[in-house]
Amino acid sequence: MTDDRTPPTAQGDEPEIVLDVQDAVRHYPLRRRSLREPRRSVHAVDGVSVRLRSGRTLGIVGESGCGKSTLGRLITGLETPTSGAVRVGANGTPAAAASGRGTVQAVFQDPASALDPRMMVRQSVAEALGGVGRDERDRRVDEAIAAVGLTPDFGSRYPHELSGGQQQRVCIARAIVGEPDLILLDEAVSSLDASLQAQILDLLERLQRDTGTAYVFISHDLRAVRQVSHSVAVMYLGQVVEQAPAEAFDRGLLHPYAVALRSTEPRILDDGVEPVERVVLRGEPPSAVAPPAGCRFAPRCPIVEDHCRRVAPDLVEATPGHLVRCHRPGDLTLSGVARADAGTPAEV
Amino acid sequence: MADAPPVDRSLTGAVHAAALPGDPLLVVDGLSVHYGTSKASKAAVDDVSFTISRGDRVGLVGESGSGKSTLASAILRILPAAATVRSGRIELGGEDLLALKPAALRSIRSTRVARVPQDPLGSLNPVFTIGRQLSDVVTAHRRIGRRERTTLVEEALRQVGIGDAAVKRRSYPHELSGGMRQRVMIAMALLNHPDLLIADEPTTALDVTVQAQVVELLRERVDKSAMTLLLISHDIGVISELCTKVMVMYGGRVVEQGAAADVLVRPSHPYTRSLLDAARGKVTAYAPDPTEVVS
Ligand SMILES: Nc1ncnc2c1ncn2[C@@H]1O[C@H](COP(=O)(O)OP(=O)(O)OP(=O)(O)O)[C@@H](O)[C@H]1O
Ligand SMILES: Nc1ncnc2c1ncn2[C@@H]1O[C@H](COP(=O)(O)OP(=O)(O)OP(=O)(O)O)[C@@H](O)[C@H]1O
Ligand SMILES: [Mg+2]
Ligand SMILES: [Mg+2]
Numbered sequence: 036m037t038d039d040r041t042p043p044t045a046q047g048d049e050p051e052i053v054l055d056v057q058d059a060v061r062h063y064p065l066r067r068r069s070l071r072e073p074r075r076s077v078h079a080v081d082g083v084s085v086r087l088r089s090g091r092t093l094g095i096v097g098e099s100g101c102g103k104s105t106l107g108r109l110i111t112g113l114e115t116p117t118s119g120a121v122r123v124g125a126n127g128t129p130a131a132a133a134s135g136r137g138t139v140q141a142v143f144q145d146p147a148s149a150l151d152p153r154m155m156v157r158q159s160v161a162e163a164l165g166g167v168g169r170d171e172r173d174r175r176v177d178e179a180i181a182a183v184g185l186t187p188d189f190g191s192r193y194p195h196e197l198s199g200g201q202q203q204r205v206c207i208a209r210a211i212v213g214e215p216d217l218i219l220l221d222e223a224v225s226s227l228d229a230s231l232q233a234q235i236l237d238l239l240e241r242l243q244r245d246t247g248t249a250y251v252f253i254s255h256d257l258r259a260v261r262q263v264s265h266s267v268a269v270m271y272l273g274q275v276v277e278q279a280p281a282e283a284f285d286r287g288l289l290h291p292y293a294v295a296l297r298s299t300e301p302r303i304l305d306d307g308v309e310p311v312e313r314v315v316l317r318g319e320p321p322s323a324v325a326p327p328a329g330c331r332f333a334p335r336c337p338i339v340e341d342h343c344r345r346v347a348p349d350l351v352e353a354t355p356g357h358l359v360r361c362h363r364p365g366d367l368t369l370s371g372v373a374r375a376d377a378g379t380p381a382e383v
Numbered sequence: 009m010a011d012a013p014p015v016d017r018s019l020t021g022a023v024h025a026a027a028l029p030g031d032p033l034l035v036v037d038g039l040s041v042h043y044g045t046s047k048a049s050k051a052a053v054d055d056v057s058f059t060i061s062r063g064d065r066v067g068l069v070g071e072s073g074s075g076k077s078t079l080a081s082a083i084l085r086i087l088p089a090a091a092t093v094r095s096g097r098i099e100l101g102g103e104d105l106l107a108l109k110p111a112a113l114r115s116i117r118s119t120r121v122a123r124v125p126q127d128p129l130g131s132l133n134p135v136f137t138i139g140r141q142l143s144d145v146v147t148a149h150r151r152i153g154r155r156e157r158t159t160l161v162e163e164a165l166r167q168v169g170i171g172d173a174a175v176k177r178r179s180y181p182h183e184l185s186g187g188m189r190q191r192v193m194i195a196m197a198l199l200n201h202p203d204l205l206i207a208d209e210p211t212t213a214l215d216v217t218v219q220a221q222v223v224e225l226l227r228e229r230v231d232k233s234a235m236t237l238l239l240i241s242h243d244i245g246v247i248s249e250l251c252t253k254v255m256v257m258y259g260g261r262v263v264e265q266g267a268a269a270d271v272l273v274r275p276s277h278p279y280t281r282s283l284l285d286a287a288r289g290k291v292t293a294y295a296p297d298p299t300e301v302v303s
């Protein structure tokens, strides 16, 4: 991938903003079994603000259930925020209004259910490509199908006649064919093996270089995220707890959850090396219905202090472009993990 | 996965009771599965043979579309109508699965062999809560009271790291996150303590922390509850962590099989080599020392 992934800092020559999420909240009310039961809701996304410029990639990682796909559904306008704003495209259209107009495309987490079972692959892909002549449409559909490593005969298959990885690749072909401004990729390469993954990530990078498409890349695969992202947001229980430029994601993570997450990557069996013990976060996973009062990570944090349980930390800038939501940023280190030279830590 | 020793053909129950670790549990011999009826149709599974012994943790890797899920469906006898078994034999604990009548099959599924499907959303029933679907799996084979059922379901959810079990139990499949649905499928497959678990890409939506917990759970079930595991995954990291043996499929065929330490370290087939190179190529310099972080 390209060597220089640092976003320029000068204000003037920055590419336009294609995604602007401001304090987005999405709560899902729980069904009550009786009227006496209190009203409660799942705080799936709880005050997220992110901005993404054309030609850039924002990686999103975090524990299963922390709200990544919900944020994705807000971005694609499939759902509207309970409060806050989500705007997409150069003119800042609300995501819900832009939905279906081709500015934003998405590869959703469940490829099988994302494809219309009655449509052949060619039709599914062509559908995402509005307003072009027939010849050009055919040519671009063929190209997109080939680009994801499928042979032309897959064009006339139905979704149920495809393997899991093939379905996923059809979804990718459909997302890229119209060269949209922004693509949401929710676990989009998660059922592909390493070589196919590399091929698809290359394809995405080429598209970004050629057309300036921006990506929101949600994945549990930290290596893939690291490889494609300019900036990575780490989510925990509905909130962004750290947003770090790609380089800081390698060595300079500051939030204890982010540090623990980054150290848990499975390792590949190598010559003479036995599988090793790993860092495992213990403790009950927090409830998204009644989030902890102070810091949401406090109940599982290895370096928790009294203060953390009482006062919720704000998301503050540690260094330019590097945000963290923690009272003790950078204080959890694992032996062997090089500590970041994070500059002045945020005021707490 | 060496050549199969002679298979015990005595009654299932007897085999079951006397089973020892290391005895052959699953024997697949010369299996071919085709989609479509035309003579020209290509085999999705092409003359595949292997043996899995009791207590093995076998990883199955392979190219996208190489026939892994088809093989899993064939073993469970849940192939779609478009597929036909052209040849071969599948034995579970000495019993010929391809010859079984539907009633016998039903009792074998989920109690003796269970599957975690690759597509959880498509496999769950959208109109029932996941609590209901989990308890149905148990009550299909056992009579238990409502209280006990609830306890069992919540415990099963907690085991796979779903802490908010009392709330999530009452959720419908679309109200769960992708990784939660995947974990519900794992919990469901484990509920009846199957002899053989076939898990088809069970960790594609799991972050590394939850994944580690699930890997631990599966390992524990194999070690303590005499389960045998066939894990289909493209994730070499998870295979490395969990599996003692590895099979590699390419174009419908098993092109390589052996101890994980051999296949993953000295791969002989070019596909395996390219797969491992690609997986290792992505390894960054980041390699922290193992430290337990416990709260
Ligand atoms: N109903 C069907 N009709 C025709 N071909 C099919 C059908 N189902 C699957 N296939 C084909 O059979 C081959 C094997 O599919 P299978 O789902 O077993 O692959 P897989 O190894 O599980 O792949 P993945 O890793 O992508 O899930 C694929 O090429 C697929 O396109
Ligand atoms: N329609 C809904 N109704 C009620 N709760 C929901 C709904 N959709 C999502 N949730 C809940 O919101 C939380 C966040 O879910 P989300 O799918 O965004 O997680 P995620 O980060 O994408 O997780 P994963 O990595 O497992 O896919 C979960 O607790 C989930 O159960
Ligand atoms: Mg998700
Ligand atoms: Mg499959």
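Same order as they appear, the protein sequences are chains A and B. Counted the way our numbering counts, the first sequence spans residues 36 to 383. Counted the way our numbering counts, the second sequence spans residues 9 to 303. All C-beta atoms, glycine included, are put in the ideal place defined by N, C-alpha and C.
Between B:Val145 and B:Leu199, the CB-CB gap stays under 9 angstroms. In this structure, B:Met255 is the residue among B:Cys251, B:Asp31, B:Leu33 and B:Met255 with its C-alpha nearest to the C-alpha of B:Glu71.
With a cut-off of 8 angstroms, the C-beta of B:Ser185 is classified as near ligand 3, since at least one heavy atom of the ligand falls inside that distance. In the three-state reduction of the DSSP assignment, B:Tyr180 falls in the coil class. Non-local C-beta neighbours of B:Val56 in its own chain, meaning closer than 7 angstroms and more than five positions away in sequence, comprise Val36, Leu39, Leu79, Arg261 and Val262, ordered along the chain. Look at B:Tyr279 here: in three-state DSSP terms it is helix. The count of Cβ pairs closer than 8 angstroms, one atom from the region 133-144 of chain A and one from the region 103-122 of chain A, reaches three, so the stretches are in contact.
In the DSSP secondary-structure assignment, B:Ile116 is not bridged to any residue.
Collapsing the DSSP output to three states places A:Ala210 in a helix.
Going by beta carbons, A:Ala249 and A:Leu87 fall inside the 9 angstroms limit. In the structure shown, B:Lys253 falls within a strand segment according to DSSP collapsed to helix, strand and coil.
A Cβ of chain B is located within less than 9 angstroms of the beta carbon of A:Gly199. DSSP links A:Ser266 through a beta bridge to A:Leu93 and A:Pro280. In the displayed model, A:Pro291 falls within a helix according to three-state DSSP. Contact of A:Asp145 with chain B is assigned, a C-beta pair being separated by under 9 angstroms.
Interface annotation, A:Pro73: not in contact with chain B, CB-CB separation never under 9 angstroms.
Chain order gives no chain A residues near B:Leu87, where near means a beta carbon separation below 9 angstroms; the closest approach is about 12 angstroms. Taking 9 angstroms as the cut-off, the Cβ atoms of A:Gln278 and A:His357 count as close. Partner residues in the beta bridge of B:Ser95, as assigned by DSSP, are B:Ser40. For A:Ser226, the chain B residues whose C-beta falls within less than 9 angstroms of its own C-beta are Ser72, Gln126, Glu209, Thr212 and His242, listed in chain order. Cβ contact annotation for A:Leu242 (same chain, cutoff 8 angstroms, sequence separation greater than five): Ile211, Glu214 and Thr248, in chain order.
B:Met188 reaches chain A at Ser99 and Gly100, counting residues in chain order whose Cβ is nearer than 7 angstroms. Its chain contains Arg204, Ile207 and Ala208 as the residues whose beta carbon lies nearer than 6 angstroms to that of A:Val183, once the 5 sequence neighbours on both sides are disregarded; these appear in chain order. Taking a Cβ-Cβ threshold of 8 angstroms, none of the residues of chain B is close to A:Leu238; the smallest such distance is about 15 angstroms.
For A:Cys206, the shortest C-beta to heavy atom distance toward ligand 2 is 8 angstroms or greater. In the same chain as A:Leu272, and ignoring 5 residues on each side of it, the C-beta atoms closer than 7 angstroms to its own belong to Cys101, Pro321, Ala323, Pro326 and Arg331, in chain order. Shown here, B:Ala234 sits in coil according to DSSP, grouped into three states, outside any helix or strand.
Relative to the non-hydrogen atoms of ligand 2, the Cβ of A:Gln144 comes within a distance shorter than 8 angstroms of at least one.
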